[in-house]
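Trainee: Pasting in a structure now, in C-alpha cells, and then I'll have a few things to ask.
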Amino acid sequence: MCHAYPYVLCGYGRDCWKMWCSFFRLQIIFVILTGLAVLVLVNNIHLVEHLNHEMDFDLRQTEENIDTNGPFSEGTQGTYCDYQHQALSRAEHAEQELLLNSLKWLGPPHNERTFLSSTDASHSRFVILHSQSLFKVGDVMEVLVRMQDFEGNPKHYGGDYLQARIHSPLLKAGAVGKVVDHQNGFYSVYFTLLWPGKITVSVSLVHPSEGIQVLKRLREEKPDRVYFKSLFRSGETAETKMCNICLPRKLPVCNYTDLKTGEPWFCYKPKKLSCSNRINHAKGGYSKNLLTFDEQLFFQSGINIKVPVMASGPDTVTVHRLQKKDNYMLHDLKFLPSGYYYQDRWISGRSFVRQFSRPSEVTACLQGKVVHLFGDSTIRQWFEYLTEFVPDFKPFDLGSPKNVGPFLSIDVEHNIMLKFRCHGPPIRFSTVSSNELRYIANELDGIVGGQNTVVAITIWSHFSTFPVEVYIRRLRNIRTAILRLLERSPDTAIVIRSANVQELGPEVSLFNSDWFSLQLDTVMRSMFAGIHVLIVDAWEMSLAHYLPHALHPEPVIVKSQIDEFLSFVCPN
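Last residue of the sequence shown: number 572 in the UniProt record's numbering, and the count goes up by one each step with no gaps.
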C-alpha cells in the first residue's frame, strides 16, 4: 500500500514515508468503519421497513382479545357478531330499516305452539274460484287456500310458507303464482294464465308458520350453526382453528376484516403461530342438536316440509285461445310472473329471450369478450355448462381444487375468455387457499369494463344462516362497486342470477330453507332495482319447472338461465 510515491514528495526520507503509511492506514480503517456503518444503517432500514410491513399486515390480521365486559349483553348469546356494530350512514341505515321491515313475517300470536295445533297440509284444502268460468289467455285466476291444524281445526292466523304453480305436463308448460297471506288462515293465490289448454294447479306447504318461527330464532340466535375452519402452518408446526363472522367470545382471535370493504371475518388465534400463518379456509361442519323435541316436530319430511295441499273440487281448468276479435290484454300486471315455460322453453315476460341451441350461436355472441362469473356453485354451473356445451372452450389448468376454483376456459380462435371465481367468506366449499379468498366488490374494482366485458354474479346460498344485516352489507359493497364500474364503463354488461328453490329435508331446512333464500332474494331484488343490470330469475325458473327442486338445477333449467343471460349480452 505504501509505494514509492511518498518518497518523491518527501525527498525520499524514511520518517516522511512512515508518516504517509500511517496516513493511508487511517484512511483504510476509516473507509472500513464507514462501510460497516452503512451496512448497519441499511440493515436497520430494512428492519424498520419489514416492521412497518408487519404492522400494516397486522392491521389486516389483528390479534384481538375479546373483552367479555365490552358492548355485549347476555342477549347476544355470547357471540361476537360484527354486523351488530356496523357504522352506517343515515341513508344506509334508512335503507336497511326499509329492507328489514319488508321482510317481516307474521306468525302465531303466541310463541309456544303445540304440534297438533300447527298447520297440517293433509287437512288443508284449496279451491279454484269461479272454476266454471270461461278462462282465456291473459286472464287472472284466483285460488283460495284454507289452512287447518292436525286436529282438523281451522287456523285463525297466517305465517305459513306456501309455494304454488300452474302447469300443463303434456305441453311441458309451467308458471308461478303469487301468494297473498290474509293473516287469518286463508291465503289467495293469483295466477296469470299465459298459454291455452288444460292447466293444473299445485299448492305446497313448505313450512308451517310454527316452523318459520323456529327458523327466525335460529337465524338470530345461532348465526354460527355452520362453522368454518382454517389451517395455520409454519415449518413443521400446524394448527387448525375455527373461523366465522360470529365467534363465541373469551378467546383471542385473528381479525381478517377486509380493509377496503369492511367485510368482517375472524378466526381463533393459534397458540403457537401468528395470524399471518393462515394458509387456507374450509367448511368445518354443521351444528347438531339445534332444536328442542317439540321444535323437531315442525320439521318432518312428508308431514310438514314441502307437502302438497289437495284441492276441494277440481284442480284443473281449461284456458281458451284468444280469438282474432279479442284484444290481448293482461288484466293485472302485479300478478304477472317474470316468465313461464312452454315446450320446456323459458319465455320471459320482460324481454325477448333467444334460444342459444347451437355452440356456434354462443360463440358468435361472446366473440372477443371476457366473461367474469363471480359467486357460488350455482353460477359455477354456468361456467361448467358453457365449457361443456361449446367445444371451442378449452379449460386452462390453474391447479385449482375441484369445485372450488378459480377456473378459466379460453377460446383462442374467437378470442373469448371465460372465468369463474368464488365469492369471499362465508363460503362453504371444501379447502380454499387463503390467497384465493377474494371479495366480489374488490374484484369488480379491478375490472376496466367496456362493451367486451361481461360480468355475472350470484351470492345467496352461503348467507342463509346469518342475520339479514350481514347479507345487506355484502350486497351494498357489491352494488357500490357495480355503480363504479358502470360509471367508468357504461357499456359493461352486468347480470345478477337470483337464488333458486331446492330440495328440503329436516336438517337442510335448518340451514338452507327456501324461506331463508326467499328472504335474501327479496333483499337482492330491492337493492338492485333501478340499476342497469339484468336479474335472471332462477327462482321462478326452478319453481315453475316440472323437475324436482334441487340446489343445483338440471341442465335444461340451467340452459334457460344461460339463454336469458346471453340474450341480454347480445340483444341483436
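In this text, a Cβ means the ideal position worked out from N, Cα and C, and glycines have one as well. In this text the structure is predicted, and so the values were computed from the model without any measurement.
For Ser554, does the count of other Cβ atoms within 10 angstroms reach 16, so buried, or fall short, so exposed?
Mentor: First, the amino acid is wrong: residue 554 is Glu here, not Ser. When all chains shown are included, Glu554 counts as exposed.
Trainee: Can you list, in chain order, the residues of its chain with a C-beta nearer than 8 Å to that of Lys334? Leave out the 5 residues immediately preceding and following it.
Mentor: Lys178
Trainee: How big is the Cα-Cα spacing for Arg249 and Asn403?
Mentor: 33 Å
Trainee: What did DSSP end up calling Ala164 once you bin it into helix, strand or coil?
Mentor: strand
Trainee: Give the C-beta separation of Val137 and Leu215 to the nearest angstrom, bearing in mind that I take them to be a contact with Cβ-Cβ under 8 Å.
Mentor: With a Cβ gap of about 38 Å, Val137 and Leu215 do not count as contacting.
Trainee: Please classify Leu566: is it buried, with 16 or more other beta-carbons within 10 angstroms of its beta-carbon, or exposed?
Mentor: buried
Trainee: Tell me where the beta strand (DSSP E) around His281 begins and ends.
Mentor: Asn280 to Tyr286
Trainee: Quick one: which unbroken beta strand (DSSP E) runs of 3-plus residues sit fully inside the region 371 to 397? Chain order, please.
Mentor: As far as the region 371 to 397 is concerned, its whole beta strand (DSSP E) runs of at least 3 residues are 394 to 396.
Trainee: Cβ of Ile410 within 8 Å of Cβ of Leu444?
Mentor: no
Trainee: Which value, in whole angstroms, describes the spacing of the CA atoms of Arg60 and Ala456?
Mentor: Legend: pLDDT at Arg60 = 42, less than 50; position of this residue unreliable, no value from coordinates given.
Trainee: Leaving out five residues on either side along the sequence, give the residues of the same chain with a beta carbon under 6 Å from the beta carbon of Thr257.
Mentor: Pro264
Trainee: On the three-state DSSP scale, how would you describe Glu507?
Mentor: helix
Trainee: In whole angstroms, what is the alpha-carbon distance linking Glu151 and His123?
Mentor: Rounded to the nearest angstrom, the two C-alpha atoms are 8 Å apart.
Trainee: Is the separation between the beta-carbon of Asp392 and that of Trp460 shorter than 8 Å?
Mentor: no
Trainee: From the DSSP output, in three-state form, read off Asn572 for me.
Mentor: In the three-state DSSP reduction, Asn572 falls in the coil class, being neither helix nor strand.
Trainee: Inspect the beta-carbon positions of Tyr286 and Val203 and report whether they are closer than 8 Å.
Mentor: no
Trainee: Would you please state the rounded distance, in angstroms, between the beta carbons of Pro501 and Tyr385? I believe it to be under 8 Å.
Mentor: According to the sequence shown, residue 501 is Val rather than Pro. Not quite, the Cβ-Cβ distance comes to about 19 Å (not below 8 Å), so this is no contact.
Trainee: Could you tell me which uninterrupted alpha helix (DSSP H) segments, each at least 4 residues in length, are contained entirely in the region 461 to 506, listed from first to last along the chain?
Mentor: 468 to 488
Trainee: Write down the C-beta distance between Val523 and Leu251 rounded to the nearest angstrom, noting that I regard them as a contact closer than 8 Å.
Mentor: Not a contact, Cβ separation roughly 32 Å.
Trainee: Tell me whether the beta-carbon of Val430 lies closer than 8 Å to the beta-carbon of Ala238.
Mentor: The amino acid occupying residue 430 in the given sequence is Ser; Val does not appear at that position. Their beta carbons are not under 8 Å apart, which means Ser430 does not touch Ala238 by this criterion.
Trainee: Which residue from Arg278, Thr453 and Glu97 puts its Cα closest to that of Ser489?
Mentor: Thr453
Trainee: Helix, strand or coil for Arg217? Go by DSSP, reduced to three states.
Mentor: Helix, per DSSP.
Trainee: Does DSSP classify Asn512 as helix, strand or coil?
Mentor: helix
Trainee: Identify every residue that forms a DSSP beta bridge with Asp181.
Mentor: Tyr187
Trainee: For Met147, which of Gly158, Tyr471 and Pro426 has the nearest alpha-carbon?
Mentor: Gly158
Trainee: Need the endpoints of the alpha helix (DSSP H) that Ile440 sits in, please.
Mentor: Ile440 to Asp445
Trainee: Rank Val432, Val370 and Lys229 by C-alpha distance to the C-alpha of Ser400 and give the top, closest one.
Mentor: Val432
Trainee: Answer yes or no: the CB of Leu336 versus the heavy atoms of the ligand NAP, is any distance below 7 Å?
Mentor: This structure lacks the ligand NAP, and indeed carries no ligand of any kind.
Trainee: Rounding to the nearest angstrom, what Cα-Cα distance links Tyr340 and Asp139 in this structure?
Mentor: 15 Å
Trainee: Suppose contacts are defined by Cβ-Cβ distances below 8 Å. Is Asp149 in contact with Leu103 by that definition?
Mentor: Cβ distance not < 8 Å, so Asp149 and Leu103 don't count as in contact.
Trainee: Keeping to the same chain, check which residues put their C-beta closer than 7 Å to that of Leu144; ignore five residues upstream and five downstream.
Mentor: Correct list, in chain order: Phe126, Val127, Leu129, Phe186 and Ser188.
Trainee: In chain order, what residues of the same chain lie with their CB nearer than 8 Å to the CB of Ser434, ignoring the 5 residues before and after it?
Mentor: Only Ser230, Arg278, Ile279, Asn280 and His281 meet the Cβ criterion.
Trainee: Below 8 Å on the Cβ atoms is my contact criterion, and I expect Leu171 with Gln343 to pass it. Report the Cβ-Cβ distance as a whole number of Å.
Mentor: Separation of the CB atoms of Leu171 and Gln343 is rounded to 7 Å, and the pair is thereby assigned contact status at 8 Å.
Trainee: Whole angstroms is fine: what's the gap from Ala175's alpha carbon to Ile379's?
Mentor: 23 Å
Trainee: Per DSSP, which one or two residues make a beta bridge with Leu418?
Mentor: According to DSSP, which records beta bridges pairwise, Leu418 is partnered with Val371 and Ser409.
Trainee: Any idea what DSSP makes of Arg263, helix, strand or coil?
Mentor: Just to set this straight, residue 263 is Glu in the shown sequence, not Arg. Glu263 falls in the coil class under three-state DSSP.
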